[in-house]
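In what follows, a structure is listed as structure tokens, so that the remarks can point back to it.
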Amino acid sequence: MRAWISFVCLSLGAHALSSPATSAEVSILVNKTTQRMTVSVDGVQRYSWPVSTGMSQYSTPTGAFTPSRLAKVHYSREWDDAPMPHSIFFTDSGHAIHGSNVTRRLGSPASHGCIRLAPANARLLFDLVQSEGAANTRIEITGVDPIGTIVGSGNESGLDYSRLTSFDPLTNGIIASGPPHLRPERQR
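Mind the numbering: the sequence shown is residues -23 to -1, 1 to 165 in mature numbering (1 follows the signal peptide of the UniProt record, and there is no 0), read in order.
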């Protein structure tokens, strides 16, 4: 009887070890308009963090992506060896989600096209994507660059006012163009 029980236990253990573990689906949604990232696992929201996406002259691309490469330690060859800890690369051009020590700028566009996170959040996200697999991770980037992001030449102030339609000095209201359902209500 003991031999039979041992055989069954060994068989079950071997089966458990040989069965591939199922990985969770990781969804990373980045909204450039709100400068926030939402991370969901199997459809359940797990994290919501402020980010910094690209300044308008270095706009972060929009669309759906799958991570192409992970690098725990990386330094940008293009931007003066800037540290990019816990990088999750998602384009062939080198765009990545990564940690940044410039946390005071999180919540506003500040990068050269990458998506910056606080270091602890970048580490959590990197570990999650690494454990569940890049193939099971989808990165979706939506939205537009917020009004007032820095632009290149041709504007002395350096601010992008291209989407402003009017300014009402009596209410200190800025009215932006866009779809009617996204325009702020005008106060009378």
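Glycine included, each C-beta is placed from N, C-alpha and C at the ideal position.
Contact annotation: K9 and I118 have beta-carbon atoms nearer than 8 Å. Across the structure, H72 and V18 are spaced so that their CA atoms are roughly 23 Å apart. Per DSSP, the continuous alpha helix (DSSP H) segment holding Q107 begins and ends at P96 to E109. For A59, the closest of S70, A1, C91 and E109 by C-alpha to C-alpha distance is C91. Going by DSSP, T43 is part of no beta strand (DSSP E) at all; its letter is neither H nor E. With distances taken between CA atoms, G120 lies nearest to S36 out of P44, S36 and E55. Secondary structure at R23: strand, using DSSP grouped into helix, strand and coil. With contacts defined as CB atoms closer than 8 Å, T15 and Q22 qualify as a contacting pair. Within the model, the alpha-carbon separation for H89 versus S53 is close to 11 Å. When DSSP reads this structure, F66 sits in a beta bridge with R46 and A73. Straight through space, the alpha carbons of G110 and S45 are spaced by roughly 11 Å.
A Cβ-Cβ contact shorter than 8 Å links T43 with A112. Contact between H75 and R93 holds: their C-beta atoms lie close to 7 Å from each other, under 8 Å. Counting the other Cβ atoms within 10 Å of the Cβ of T(-2) gives fewer than 16, which makes it exposed.
In this structure, DSSP gives N113 a helical state, which the three-state scheme calls helix. Going by DSSP, L6 is part of the beta strand (DSSP E) stretching over V3 to N8. Restricting attention to S64, I5 and V28, the CA atom closest to the CA of G20 is found in I5. Within the DSSP bridge table, the entry for V16 names I5 and Y24 as partners. Counting only residues of its own chain and dropping the five nearest sequence neighbours on each side, D69 has no CB closer than 6 Å to any other CB.
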